[in-house]
Amino acid sequence: MGTVEATQVRMAHFHVHGTQFLRPLDYVELVLICLSFAIHAVYAFVTVRRHVVHVNLKIIYLSISFTISVFLFSRLLDIAMIIFDVHEDNVLHNCVHILHESSYTSIASTFLLISIERLFATLKSDSYEQTKSPAKVIVAFVVLYAISILIAYLVHIADTGFTILVIYVTICDTVTIVVTVGLLVFNIRAFKLTTRSDIRLSQRYQIRENIKVIMIAIPVNVLQIIAVTVALVAVWNMLLSENPDEGDRPSQRIYNISIILFALLMPIVARVMNAVGRRVIFKNPGASIVSIGVARKVESKQQGRAESHLYFKMLHNAWK
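So the number in the working numbering is just where the residue sits in the sequence shown, counting from 1, plus 1433.
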């Protein structure tokens, strides 16, 4: 058997088909998947209806939920194929596994979009909030998702497919962390300059918005890196298995449960970080207003009060 054929067999045996019954841990996975679907449905609703964030961020947040939901759905199909004993050569079987493997790259790619979006928000802090067209973000997500599907397909047909997948995920995660941490440092330094009178109101608001988003993005991205890395190590262990027909059952479970747990924990971690940020900012509202430079040198006192009120309102809405 050639290298490509051996890889295809091993990738097809993340589950041992032909048993036509579910194991106890399969039921545990089903419960976790249903719970994850419910949490992401609530998360998507809150993102669309309640979160006061830029439309581009809303699109990216929904894209993350979509990519995770694709993995969860493909796992449900995989369990169904165990029950109905779908043969490994079946087209549906191959498509399901391609969706599985594309989840790693698509999730990492979508987190990369957050760092790129915040980079543009930082560079164009004086006018970014006025841009309301999400077309570029949607096109970028579609392109990255298509790349993810292509890489997952290469895993099944090329000797170096899995290596390409690992390299792509590593590049995405590395760039995401470097850009995100760099933006956090930059925006914290910029925040210290917001008491200057020549800083525009829109720039002050954008700096606060950047810090808020990055505070949420960094821990969630670290969680994503851990989950995807664990899953990829499990996949690599499967590829090295001497007996692909049996498979390595611990690796099978780790492969699936790592992403399922990430899907379950991601909205919770994001919400907790959002709450932590609110407490930090509003623990002393009066001091916070002064420190962020709401009191500006303006000719009209009435204009100054109106601008201060507007900024405080935007700041408060940003943390809802």
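Just so it is clear, CB atoms sit at the ideal spot from N, CA and C, and this is done for glycine as well.
Asked                                                                                                                     : Found
Backbone CA spacing between A1623 and A1554 [nearest angstrom]                                                            : 13 Å
Cut-off 6 Å between Cβ atoms - residues of its own chain near I1472, not counting five sequence neighbours on either side : P1700
Span separating the alpha-carbon of N1689 from that of L1455                                                              : 15 Å
N1527 (DSSP reduced to helix, strand or coil)                                                                             : helix
The stretch 1593-1603 in contact with the stretch 1566-1575 per 3-pair CB rule at 8 Å                                     : no
Distance, P1683 Cα to Q1639 Cα                                                                                            : 46 Å
Status (buried if at least 16 other CB within 10 Å, exposed otherwise) for N1643                                          : buried
Counted within 10 angstroms of its Cβ, other Cβ atoms place V1575 as buried (16 or more) or exposed                       : exposed
Separation of V1486 from W1669, as counted between CA atoms                                                               : 39 Å
Three-way DSSP call (helix, strand, coil) for L1455 in this model                                                         : coil
Those runs of the alpha helix (DSSP H) which lie wholly inside the stretch 1572-1598 and span at least 4 residues         : none
CB of V1612 within 8 Å of CB of S1548, strictly                                                                           : yes
Separation of E1534 from H1589, as counted between CA atoms                                                               : 10 Å
Given 8 Å, three or more beta-carbon pairs between the stretch 1499-1515 and the stretch 1523-1534                        : yes
8 Å contact criterion, which L1509 and I1466 should meet: CB distance rounded                                             : 6 Å
Contact under 8 Å by Cβ, V1570 with N1489                                                                                 : yes
Alpha helix (DSSP H) segment containing V1503, residue limits                                                             : V1488 to F1517
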